[in-house]
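K.L.:
Residue numbers (our numbering), protein chains in the order written: chain A, 966 to 1260; chain B, 66 to 355.
1) For chain A, find out if any of its Cβ atoms is closer than 9 Å to the Cβ of residue 270/B; answer yes or no.
2) Given a cut-off of 9 Å, decide if residue 298/B and residue 223/B are closer than it, judged by their beta-carbon atoms.
3) Of all the CB atoms in chain A, is at least one closer than 9 Å to the CB of residue 146/B?
4) Given residue 273/B, which residues of its chain have a CB within under 6 Å of its CB, disregarding the five upstream and five downstream residues?
5) Are residue 276/B and residue 142/B close, meaning C-beta to C-beta below 9 Å?
6) Say whether chain B places a C-beta atom closer than 9 Å to the C-beta of residue 1102/A.
7) Quick one: which unbroken alpha helix (DSSP H) runs of 4-plus residues sit fully inside the stretch 967-1024 of chain A? Chain order, please.
8) Nearest by alpha-carbon distance to residue 343/B: which of 1054/A, 1097/A, 997/A and 1141/A is it?
9) Going straight from the alpha carbon of residue 1021/A to that of residue 200/B, what length do you get?
10) Cα-Cα, which of 259/B, 254/B and 270/B is closest to residue 245/B?
11) Output yes if chain B places a C-beta closer than 9 Å to the C-beta of residue 1061/A; else output no.
12) Under the rule that 16 or more other beta-carbon atoms within 10 Å means buried, what is residue 75/B, buried or exposed?
13) To the nearest angstrom, report how far apart residue 1127/A and residue 1057/A are at their CA atoms.
14) Do residue 316/B and residue 308/B have their C-beta atoms within less than 9 Å of each other?
15) Could you tell me whether the Cβ atoms of residue 279/B and residue 310/B are closer together than 9 Å?
16) Could you tell me the distance, in whole angstroms, from the CA atom of residue 346/B to the CA atom of residue 1140/A?
17) For a quick check, are the C-beta atoms of residue 179/B and residue 1193/A less than 9 Å apart?
18) What are the uninterrupted segments assigned as alpha helix (DSSP H) that are 4 or more residues long and contained completely in the stretch 1019-1078 of chain A, given in chain order?
19) So which residues of chain A does residue 314/B contact, with C-beta pairs closer than 8 Å?
20) Under 8 Å, CB to CB, which of the residues in the stretch 158-173 of chain B have a partner in chain A?
21) Report all residues from its chain with a CB closer than 6 Å to the CB of residue 1252/A; omit the five preceding and five following residues, and keep chain order.
22) Using 8 Å as the Cβ pair cut-off and three pairs as the minimum, do the stretch 1030-1046 of chain A and the stretch 1005-1021 of chain A touch?
23) Determine the contact status of residue 79/B and residue 1178/A, defining contact as a CB-CB distance below 9 Å.
24) Straight-line CA distance for residue 1146/A to residue 1088/A?
25) Given residue 1156/A, which residues of its chain have a CB within under 6 Å of its CB, disregarding the five upstream and five downstream residues?
26) Does the contact criterion of 3 or more C-beta pairs under 8 Å hold for the stretch 112-128 of chain B versus the stretch 1163-1175 of chain A?
27) Name, going along the chain, the residues of the stretch 1150-1162 of chain A whose beta-carbon falls closer than 7 Å to a beta-carbon of chain B.
28) Under the three-state reduction of DSSP, which class applies to residue 1096/A: helix, strand or coil?
29) 9 Å is my cut-off, CB to CB: does residue 1008/A come that close to chain B?
30) Could you check where the alpha helix (DSSP H) with residue 1142/A kicks off and where it finishes?
31) So which residues of chain B does residue 1224/A contact, with C-beta pairs closer than 9 Å?
32) Can you find a heavy atom of the ligand SAM that lies under 8 Å from the Cβ of residue 996/A?
33) Pull the bridge partners of residue 348/B from the DSSP assignment, please.
34) Does the stretch 1023-1034 of chain A come within contact of the stretch 1223-1235 of chain A, defined as at least 3 CB pairs closer than 8 Å?
35) Could you tell me whether the Cβ of residue 293/B comes closer than 9 Å to any Cβ of chain A?
36) From residue 137/B to residue 215/B, what distance separates their C-alpha atoms?
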């Protein structure tokens, strides 16, 4: 529809008024979406005194980074007061292997399901696909016990394990839907030339896969970084991911409520995924729509 | 031997994931279902006694609140996000020069954790220092906006934050849908002098039925799973005024030590998701085979 957008070329006064109205509405909505980010940012740069006396949406009279320093390395999450830093790193060392492993497994699974069909492959795919939709509450209790049995309860490897398992459905789906569009003749020809399963993947499919790898990595990273349910259920003091620590800081009841620290902590926790969104928004959106509109 | 291996490699590659899903998804669902039929309390028991956990569940006023909240939250969240998303998509579709920038702005909340969203909105809606105080300082002394601490209003505060987070995503879905409508038909309609709003209501929107369905599924799914947002925004409170099934289940499992209740509430959540997802998946898979 790019070349047939619904507007006329006439420049009558009515059309001009309509255009301005359109921009006004779109602008107001932009303000609505930006307002919380703006409020978070300005609040995090104010002193507590200024927060109490000033207006919610006012710019800081005096910019201070004190709240940021506290949020990063001094704020209390319950009894410990080390700020968000250790938990931020927990999330980093949790997300990297979890994203890598689930992406690699998803690529292999997708490759098999799309190009090496065997009897029952589609059944396996349906099972995986369905696993994407279950409410995770239904696996929380047995998983808590299973992690205990495996001796990884409350540890970061335990959380990595959980994220890999429940990420498989989506990563497989992404790769399967991508590889299904590659003509089967390609595999047939390569087989005639004597190439095997892994060789074909390595030299034909992998070089074609960059876009879907980026989509999958971004999707998985966003999911895992932003996860709270698994983090709060399967971690213990010291191994919590950043979202859990943020919630603990905000809801910690000791001492004065430091709203500026809460806001700085919230921004810190949001920065990695925001950054990914700004840098690779196109792929982020593709993942979102691929995850909802099944191909 | 190598030939045998070559033939079976695809299966062997898929096998670990297959087993993992079988155990950790389907096996675990079965475990939860089983335990929901027992007298499990602090520790799981395995003697089936029937539906007593479900009876307890539906007798519990707290669960009643959680379910009512799910309908209120789900209904308002889905409708508002859909209406807003469709409206923004149509407005953005009018050859706007700054479309890219606006799209980026509308959609960025989707990249945030619900915990971040909840934290931000909790501060904005803080009656003492947030919006309420700001508007009162402007001279509207009687203005009140205390939804987060008002038991009768708190669930609507959750709706606001949820819509803020997800409506941009719905906009992106609809925009993609609008762009995939056949341009020739629209051109023909324009040539015939049919007004734009008629083109939208009579041609474009009806042809986007699948997009509506997708958006609905995604939003319904988000609503049922909503847990972090409530925890961060209201903590389920005041009291348990904003409890949802997800927070009820979590409270039973991890703070009340009532595994039977946790399991049965999880199974009810599962049933709700099934009721929505199964017909959808079924129709999708069928459409593929036809």
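Glycine included, every Cβ here is placed at the ideal spot set by N, Cα and C.
P.N.:
Answer, in terms of the structure:
1) no
2) yes
3) no
4) 242
5) no
6) yes
7) 978-1009 and 1013-1018
8) 1097/A
9) 10 Å
10) 270/B
11) no
12) buried
13) 16 Å
14) yes
15) no
16) 19 Å
17) yes
18) 1031-1038
19) 1102 and 1105
20) 158, 159, 160, 161, 167, 169, 170, 171, 172 and 173
21) 1180, 1183 and 1184
22) yes
23) no
24) 20 Å
25) none
26) no
27) 1161 and 1162
28) helix
29) yes
30) 1121-1144
31) 188, 191 and 194
32) With respect to small molecules bound, the structure shown includes none, and the ligand SAM cannot be examined in it.
33) Note: residue 348/B sits in no beta bridge, so no partner.
34) yes
35) yes
36) 16 Å
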